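Written below as structure tokens is the structure these notes are about.
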Amino acid sequence: QTKTPSKVDNMFQNYSHSEIARDTATIKNSVIMHLTATFLRTPTSMDSGHAYLASAFSVRDRLLQRWNLTNEFHDRMKAKRVYYMSLEFLIGRTFDNALLALDLRKEYGQTLGEVGFRLEDIIDEERDAALGNGGLGRLAACYVDSMACSDYPGWGYGLRYKYGMFQQQILNGYQVEVPDCWLDSPNPWEFPRPDVTYPVKFYGHLVRDPNNDDRYIWESNVVYDAMAFDVPVPGYGTTNVGNIRLWSCKTNSLFDLNKFNSGDYGGATGGQVAAQILTDVLYPNDNTNDGKELRLRQEYLFCSATMQDIIARFKKTGRPMSELPELAAIQLNDTHPTLGVPELMRILLDEEEMSWDDAWEVTTRTFAFTNHTILPEAMEKWPVPMLDKILPRHMGIIYKINLYFLQAVEKRFPGDRDLLRRISIIEESNPQQVRMAFLACVGSHKVNGVAAIHSDIIKQTIFKDFVRIQGEDKFINKTNGVSPRRWMNECNPDMSDLITDVVGDRSWVNDLAKVKKLEERVADEDFRRRWWDAKQKNKQRLAEYILTTTGIQVNPNALFDVQVKRIHEYKRQLMNILSVIYRYHCLKQMTPEVRAKELHRVVIFAGKAASGYWVAKQVIKLINAVAEVVNADEEIGDVLKVVFIPDYSVTAAEYIIPASDISQHISTAGTEASGTSNMKFVLNGGIILGTVDGANIEIGEEIGEEQIFFFGCLAHEVEDFRHYLRFNQPKPDDALQTAFDMIQRNTFGDGAIFQPLIDSVVRGGDVYLLSVDFPSYIQAHNAVEDAYRNREEWITKSILSVARMSKFSSDRSIQEYAEEVWNIEPVRVTSCSMGI
Ligand code: F55
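According to UniProt numbering, the stretch in the sequence shown is residues 57 to 892, in order.
Rendered as structure tokens:
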């Protein structure tokens with residue numbers, strides 16, 4: 057029985073007009089309700105774990121109300137949607153974020169206080185949703201946050217990994233990986249949607265449609281089901297709630313009745329167990345592609361379920377398929393979701409029975425593609441035989457896309473065989489490989505890099521021929537950004553309160569241009585003092601965090617010098633620790649009197665190495681070996697401490713970033729596409745020591761060169777240096793040689809285990825140019841020290857930096873994508889404009 061529309065509208069009107077309850081009595085009731093009815097506890101038997109869960113479920117109820125309102129509203133408005141397809145969403149925690157977005161932090165703090173808990177402790181009970189590796193995954197999370205806050209109708213699509221990014225333990229100085237069983241406890245922030253489930257086929261064979269040359273029937277009996285879980289994304293200061301739809305995998309032959317009837321109860325559900333594997337685990341590689349077949353199947357499950365869902369949602373509008381690009385824009389977060397392109401083609405050709413040309417037009421107008429790296433080892437390529445076996449229909453479609461593309465190019469550039477070989481989507485290697493970046497490029501109407509320098513580089517390197525063929529306008533820059541909600545307001549409450557005082561209200565959180573006003577206060581003595589004190593308090597908080605996670609005691613009055621990011625050779629943590637070794641050497645040479653006058657410094661590292669990346673793991677071991685010797689050296693005392701904080705995560709970053717004085721972003725020029733933590737550090741009043749690379753360059757342009765410490769060779773010089781070093785021994789300067797000598801003389805334990813690291817510089821061609829940049833790196837460190845000693849100058853730098861950083865809000869990035877790539881507009885959700 058269906059209800060009459062008028063009755064539905066009446067119900068909905070009542071529902072949508074009832075704003076969420078904010079009085080503490082109602083909140084307390086709902087927390088107690090969840091405690092008793094959802095978790096079978098009583099107020100007397102409540103521990104902080106259950107206090108968190110009950111509070112979180114009560115916040116979730118309030119979010120749900122707005123979630124429904126938002127989606128119903130967008131449906132009714134037939135708003136154009138953007139779908140951000142990403143294999144990774146590095147969300148972190150949600151509870152505090154939701155409290156701030158809904159403006160309920162005070163109320164929940166009070167309610168929890170009344171039952172004997174501190175809000176900060178309850179917040180600490182939540183586990184991170186770590187469904188990503190690093191920058192790329194966190195960017196996706198910031199972008200969905202910005203879409204929600206700026207009222208853009210946008211959803212993220214991703215995978216619900218049972219095991220997220222592994223947890224890192226440090227044992228005997230080495231990284232040990234521990235599985236991240238984040239779903240072992242109830243997850244208040246996901247809504248299972250068993251009704252939103254799609255079948256996804258693998259393997260099998262093709263049957264040609266005798267009446268339609270473009271159409272095939274794909275027969276397969278390996279079918280998985282992808283079931284949706286929705287993760288709401290609360291918009292700050294708006295009714296709008298975004299969504300991340302994550303797919304979880306199971307078989308669709310739920311139950312094998314024959315096996316069950318023959319008494320094989322285990323076998324009857326065996327299919328389900330096997331199928332789980334597809335969404336079981338996140339691949340823990342950043343910037344490397346190891347080409348595993350399971351990963352390819354993971355990517356396809358994701359793309360197929362997402363494309364089926366997007367089309368099902370589009371069909372509800374009743375518009376013809378040819379109008380898909382008017383109502384949907386799809387962004388590919390790197391090449392990982394590129395199978396979405398042939399999958400959309402397959403659906404349009406085989407199921408919607410469109411012609412090839414019409415289907416291709418719809419596809420290319422719908423997709424756009426973001427490139428995040430040019431490191432050769434990160435480029436996705438799949439062997440043709442593997443793709444052909446797992447996805448025979450898609451392989452056929454890719455061949456045809458390539459054929460038509462090459463034919464068009466041949467027409468415009470007749471006889472240029474080498475051009476065709478270079479741009480072919482199929483690499484003529486043995487076996488042949490599908491170049492996913494080229495497929496993504498050909499299947500999209502826009503291709504972008506993630507910082508100005510990176511967007512230039514990709515136009516001159518991997519997409520050079522494509523720029524000539526498809527035109528300059530297709531290749532654009534969209535400099536990354538970060539969410540001021542999480543990366544200022546949430547993680548740095550004291551600095552945020554100060555900014556709020558200056559701006560007059562908290563509206564800067566959604567409109568970062570307003571922080572410009574800080575410049576007016578740069579000479580205000582009282583303000584400057586409070587600015588310094590806020591940083592000191594954050595350093596105190598980090599010192600406590602370091603003590604509990606490592607047992608190392610650090611002095612909060614020392615300079616905090618931070619490098620936290622994935623461990624990778626191109627990011628050059630090795631260069632950093634070698635400079636620490638050299639500093640240690642210099643300090644040891646000094647008389648106690650001279651040494652006592654040195655600037656005190658805490659060098660902080662954190663970051664995970666991919667499990668199979670041996671060199672990166674040795675770097676972690678070296679850092680810990682140096683830390684052990686230096687920290688135990690009584691002569692050195694507080695003048696130098698070295699800390700490796702284990703298990704870097706979004707939550708750890710929220711402690712670390714607000715506490716930094718100087719942070720290091722020291723990749724070899726031209727290798728870090730953008731970086732996003734560089735933005736976070738400066739937005740929290742920290743100063744950058746960095747190379748002329750990625751977004752460092754634009755940060756310098758915005759805040760002024762006096763506010764940033766640059767060093768090292770430039771991107772256009774790298775090729776010549778590398779060429780030179782291929783044929784000539786590198787020449788370490790005295791400082792670098794001293795550091796090598798100390799390692800080899802077993803100052804930090806058995807030096808032999810670190811010889812491969814030294815060899816990567818002196819014998820391996822020094823691909824990342826440590827020997828080239830080391831002298832200017834040491835000089836830059838000295839400049840930092842001089843500047844920090846002049847406290848007043850330092851405070852000025854810090855305030856001016858934050859004031860001039862508004863470009864790096866992800867709200868700006870998202871607005872640019874919306875206007876220049878997606879062609880969508882904000883839709884403000886209001887219950888009165890529901891027209892009911
Ligand atoms: C993950 C999986 C694969 Cl197969 C390849 C790469 C990655 C990954 O994590 N990449 C990544 O994080 N790239 C980073 O993207 C950031 C956001 O654009 C950039 O700021 C950063 O420079 C880049 O390295």
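Glycine is no exception: its CB is placed at the ideal position from the N, C-alpha and C atoms.
Since the structure is predicted, the reported quantities are computational estimates derived from the model, not experimental observations.
Subject >> Three-pair Cβ contact test at 8 angstroms for the stretch 149 to 165 versus the stretch 80 to 88 >> reply: yes
**OP:** With DSSP as the reference, label Lys653 as helix, strand or coil.
**Re:** One-based indexing of the sequence shown puts residue 653 at position 597. Lys653: coil per DSSP, three-state reduction.
Subject >> Residue of Val695, Pro714, Val200, Thr426 minimising C-alpha distance to Lys595 >> reply: Counting from one through the sequence shown, the residue named residue 595 turns up at place 539. Checked all of Val695, Pro714, Val200, Thr426; the closest Cα to Lys595 is Pro714.
Subject >> Terminal residues of the beta strand (DSSP E) in which Gln121 lies >> reply: Start at 1 with the first residue of the sequence shown, and residue 121 comes out as number 65. Run containing Gln121: none in the beta strand (DSSP E); it sits in the alpha helix (DSSP H), 104 to 133.
**OP:** Confirm, please, whether the CB-CB distance from Gln387 to Ala424 is below 8 angstroms.
**Re:** One-based indexing of the sequence shown puts residue 424 at position 368. One-based indexing of the sequence shown puts residue 387 at position 331. For Ala424 and Gln387, yes; Cβs fall inside 8 angstroms.
Original post:
Ser378 and Asp346: beta carbons closer than 8 angstroms?
Top reply: To locate residue 378, count along the sequence shown from 1; it is residue 322. To locate residue 346, count along the sequence shown from 1; it is residue 290. No, Cβ-Cβ distance for Ser378 and Asp346 is not below 8 angstroms.
Original post:
Are the CB atoms of Asn343 and Leu431 nearer to each other than 8 angstroms?
Top reply: Here residue 343 refers to the residue found at position 287 of the sequence shown. Here residue 431 refers to the residue found at position 375 of the sequence shown. The answer is yes: Cβ separation under 8 angstroms.
Original post:
Residue range of the beta strand (DSSP E) that Cys305 falls in?
Top reply: Taking the first residue of the sequence shown as position 1, residue 305 is located at position 249. Unbroken beta strand (DSSP E) run through Cys305: 297 to 307.
**OP:** Measure the CB-CB distance between Tyr873 and Ser635 and report whether it falls below 8 angstroms.
**Re:** If you number the sequence shown from 1, residue 873 lands on position 817. If you number the sequence shown from 1, residue 635 lands on position 579. Contact: no.
**OP:** Reducing DSSP to helix, strand and coil, say where Pro376 ends up.
**Re:** Walking along the sequence shown from the start, residue 376 turns up at place 320. Here Pro376 sits in coil by DSSP.
Original post:
For Met551, does the three-state DSSP call read helix, strand or coil?
Top reply: On the sequence shown, position 495 is the one that residue 551 refers to. Of the three classes helix, strand and coil, the one that applies to Met551 here is helix, per DSSP.
**OP:** Identify, in the order they occur along the chain, each residue of the same chain with its Cβ nearer than 8 angstroms to the Cβ of Phe830, setting aside the five sequence neighbours on each side.
**Re:** Counted from its first residue, the sequence shown places residue 830 at position 774. So the list reads Met631, Leu634, Ser635, Pro788, Asp789, Ala791, Leu792, once near-sequence residues are dropped.
Original post:
Which residues does DSSP pair with residue 903 in a beta bridge?
Top reply: Not covered by the structure: residue 903. The range shown for the chain is 57 to 892.
**OP:** Determine the direct distance from the alpha carbon of Ile718 to that of Gly742, and round the result to whole angstroms.
**Re:** The count along the sequence shown starts at 1 and reaches residue 742 at position 686. The count along the sequence shown starts at 1 and reaches residue 718 at position 662. C-alpha separation (whole angstroms): 6 angstroms.
Subject >> Of the residues Tyr601, Ala284, Cys359, Ala384, the one placed nearest Tyr139, counting alpha carbons only >> reply: Taking the sequence shown and counting its residues from 1, the one referred to as residue 139 is at position 83. Cα-wise, what sits closest to Tyr139 is Ala384.
Subject >> Nearest to Thr394 (by Cα), restricted to the options Ser142, Val558, Met89 >> reply: Walking along the sequence shown from the start, residue 394 turns up at place 338. Selected option, being the one with the closest Cα: Ser142.
Subject >> Near the ligand F55: His721 beta-carbon under 7 angstroms from a heavy atom >> reply: What you label residue 721 is simply residue 665 of the sequence shown in a count that begins at 1. Result no, Cβ not under 7 angstroms from the ligand F55.
Original post:
Any idea which residues DSSP pairs residue 899 with across the strands?
Top reply: The structure shown does not extend to residue 899, since the chain is modelled only from 57 to 892, so the question has no answer here.
Original post:
How big is the Cα-Cα spacing for Gly291 and Asn228?
Top reply: Along the sequence shown, read from residue 1 onward, the residue named residue 291 stands at position 235. Along the sequence shown, read from residue 1 onward, the residue named residue 228 stands at position 172. The alpha-carbon atoms of Gly291 and Asn228 are separated by roughly 44 angstroms.
Subject >> Contacts around Val558, its chain only, beta-carbon distance under 8 angstroms, and the 5 residues preceding and following it disregarded >> reply: Residue mapping note: residue 558 aligns to position 502 of the sequence shown, counting from 1. Excluding positions up to five away in sequence, the list reads Lys573, Leu574, Glu576, Arg577, Phe583.
Subject >> Same chain only: Cβ atoms within 7 angstroms of Val263, ignoring 5 sequence neighbours per side >> reply: Locating residue 263 in the sequence shown gives position 207, where the first residue counts as 1. Only Tyr272, Ile273, Glu275 meet the Cβ criterion.
Original post:
When burial is assigned at 16 or more other CB atoms within 10 Å of the CB, is Ser101 buried or exposed?
Top reply: Here the question's residue 101 lines up with position 45 in the sequence shown. With fewer than 16 other Cβ atoms within 10 Å, it is exposed.
Original post:
What do you reckon, are the CB atoms on Lys571 and Ala859 nearer than 8 angstroms?
Top reply: Residue 571 sits at position 515 when you count from the first residue of the sequence shown. Residue 859 sits at position 803 when you count from the first residue of the sequence shown. Inspection of the sequence shows that residue 571 is occupied by Val rather than by Lys. Yes. Within cutoff.
Original post:
Are at least three pairs of beta-carbons, each pair with one atom in the stretch 793 to 802 and one in the stretch 770 to 780, less than 8 angstroms apart?
Top reply: no
Original post:
Counting along the chain, where does the beta strand (DSSP E) carrying Ser827 start and finish?
Top reply: On the sequence shown, position 771 is the one that residue 827 refers to. Per DSSP, Ser827 belongs to no beta strand (DSSP E); it is in the alpha helix (DSSP H), 826 to 845.
Subject >> Arg264 - DSSP class collapsed to helix/strand/coil >> reply: Reading the sequence shown from its first residue, position 208 is the one you call residue 264. Residue state, collapsed to three classes: strand.
Subject >> Contact check, Phe461 vs Val498, beta carbons under 8 angstroms >> reply: By one-based count along the sequence shown, residue 461 stands at place 405. By one-based count along the sequence shown, residue 498 stands at place 442. It is a contact, given that the beta carbons lie within the stated cut-off.
**OP:** Measure the alpha-carbon distance for Trp543 versus Val706 and round it to whole angstroms.
**Re:** Residue 543 sits at position 487 when you count from the first residue of the sequence shown. Residue 706 sits at position 650 when you count from the first residue of the sequence shown. Those two C-alpha atoms are separated by around 10 angstroms.
Original post:
Fully enclosed by the stretch 725 to 787, which alpha helix (DSSP H) runs are 4 residues long or longer?
Top reply: 733 to 739, 752 to 759, 771 to 783
Original post:
What does Leu476 pair with, by DSSP beta-bridge criteria?
Top reply: Your numbering for residue 476 matches position 420 in the sequence shown. Its beta-bridge partners do not exist; DSSP assigns none.
Original post:
Do Tyr254 and Glu181 have their C-beta atoms closer together than 8 angstroms?
Top reply: Translated into positions along the sequence shown, residue 254 becomes position 198. Translated into positions along the sequence shown, residue 181 becomes position 125. It is not a contact, given that the beta carbons lie outside the stated cut-off.
Subject >> For Ser889, three-class secondary structure by DSSP >> reply: Against the sequence shown, residue 889 aligns to sequence position 833. In this prediction, Ser889 scores a pLDDT of 47, lower than 50, which makes its location untrustworthy; the coordinate-derived value is nonetheless stated afterwards. Correct three-state label for Ser889: helix.
Original post:
Where Lys644 and His656 are concerned, what is the direct C-alpha to C-alpha distance, given to the nearest angstrom?
Top reply: Taking the sequence shown and counting its residues from 1, one reaches residue 644 at position 588. Taking the sequence shown and counting its residues from 1, one reaches residue 656 at position 600. Each residue's alpha carbon lies about 14 angstroms from the other.
Original post:
Just to confirm, does Gly750 get its C-beta within under 7 angstroms of one of the non-hydrogen atoms of the ligand F55?
Top reply: Taking the sequence shown and counting its residues from 1, one reaches residue 750 at position 694. True, at least one ligand heavy atom lies under 7 angstroms from that Cβ.
Original post:
Per DSSP, what kind of secondary structure is Thr803 in: helix, strand or coil?
Top reply: As a first step, residue 803 is located in the sequence shown; it is residue number 747 there, counting from the start. Note: Thr803 maps to strand in three-state DSSP.
Subject >> Rounded C-alpha distance that separates Asn784 from Ser816 >> reply: By 1-based counting over the sequence shown, the position of residue 784 is 728. By 1-based counting over the sequence shown, the position of residue 816 is 760. Cα to Cα, Asn784 sits roughly 14 angstroms from Ser816.
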